[in-house]
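I have placed the structure first, in the form of structure tokens, so that the comments after it can refer back to it.
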Amino acid sequence: EGAVSLSRCTVLGPTYTHQLSASECILDDVATVEDAQAGCVRFTAYASGSTLHQPFRSVQIAPGSPLFRTRDFNQPEYVRLRDDADTFILAPGTATNCCSGGSSFQETILEGAQNGSEMGVYCLAQVPLKRRGLALKFEEYAPIGQLPVWIDAD
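Residue numbering for the sequence shown follows this note's numbering, starting at 83 and increasing by one per position.
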């Protein structure tokens, strides 16, 4: 009978809730919502077969997709998104959302949060935003003809 509200979470395994509101989350397995006419799901990656209320600017993945570097809780990269996580989106490409008024958006998990960061628990780390900012600064101040070599050290 309760309502579940998730924000910037990564949920592994199936879920069953009465009402669900999710923003900037990754629902790794099938999410069953008893009252599918209530709640709000936005900027979320959800598993196919889920019963959700009109996902807004969300992407669909296969249940248990290999999105993460590791699922082993003992590892420092636990549920950290892989660099190729977007390749696991079902039917990738530019899509039109039923609630977006006909405007299109690029389906992505790595930059799919509302602020352009990644979906899920590492949303507040804002890695894509920092990387984009560094690239712009380098482009502005670097000598002509020099290109950066990006090495992720996480």
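For each residue, glycine too, the CB sits at the ideal point set by N, CA and C.
In this structure, the alpha-carbon of residue 101 lies about 6 angstroms from that of residue 115. Looking only at 130, 122, 224, the smallest Cα-Cα distance to residue 173 is reached by 130.
Cβ-Cβ distances below 6 angstroms link residue 190 to 168 in the same chain, with the five nearest sequence neighbours on each side left out; the list follows chain order. Between residue 97 and residue 109 a beta carbon distance of about 7 angstroms is seen, short of the 8 angstroms cut, so the two are scored as contacting.
In the three-state DSSP reduction, residue 192 falls in the coil class, being neither helix nor strand. Distance between residue 142 and residue 225, taken at the CA atoms: about 42 angstroms. If you check the CB distance, residue 195 and residue 125 come in under 7 angstroms. As a beta-bridge residue in DSSP terms, residue 101 pairs with 85. Taking the CA atoms as reference points, residue 166 sits about 15 angstroms from residue 159.
In the three-state reduction of the DSSP assignment, residue 109 falls in the strand class. In summary, residue 93 is buried, with 16 or more beta-carbon neighbours lying within 10 Å of its beta-carbon over all protein chains present. Boundaries of the alpha helix (DSSP H) harbouring residue 217: 209-223, taken from the DSSP string.
Residue 192 is positioned such that its CB atom lies closer than 7 angstroms to that of residue 200.
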